[in-house]
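Input: a single structure, listed below in structure tokens.
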Amino acid sequence: MNQTPTHSKQDRIQLVHERLQALAPSKLEIIDESHLHAGHAGAESGASHLRVIINSPQFNGLRPLARHRLVYDQVQDLIPFPIHALAIVAGTNA
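If you want this note's numbering, it's the position in the sequence shown, counting the first as 1, plus 70.
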């Protein structure tokens, strides 16, 4: 895994997108919400606030917490920098 800190909005989103491909998503949307946190300590450090909307067949039969853990497992080394906060909406293909 690439552990080089990435600072631009596009680089952060691309890196998360690449990592989440391991979950074979049928839907994947990554939204940078950093602008909503202006003045917040994490935003001041240049870190990012992202929202991930993901559906994957790997989530079938799993409770929401287990789905979130699968997502976090893919990006854990990116938190707290360059990603300060990650909001997750994880659904199944059902």
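C-beta atoms are modelled at their ideal positions from N, C-alpha and C, and glycine is treated no differently. Remember, it's a predicted structure, so these values are computed and weren't measured experimentally.
Where the beta strand (DSSP E) containing Ala155 begins and where it ends: Ile153 to Gly161
So, with DSSP's three-state summary, where would you put Glu167? Residue coverage of the chain in this structure runs from 71 to 164, which leaves residue 167 outside it and unanswerable.
Find the nearest neighbour of Gln128 within the set Ile100, Leu90, Val86 and His154, judged by alpha-carbon distance. Leu90
Measuring alpha carbon to alpha carbon, tell me which residue in Ser78, Leu85, Leu93 and Asp81 is nearest Ala136. Leu93
Per DSSP, cross-strand counterpart(s) of His119: Ala155
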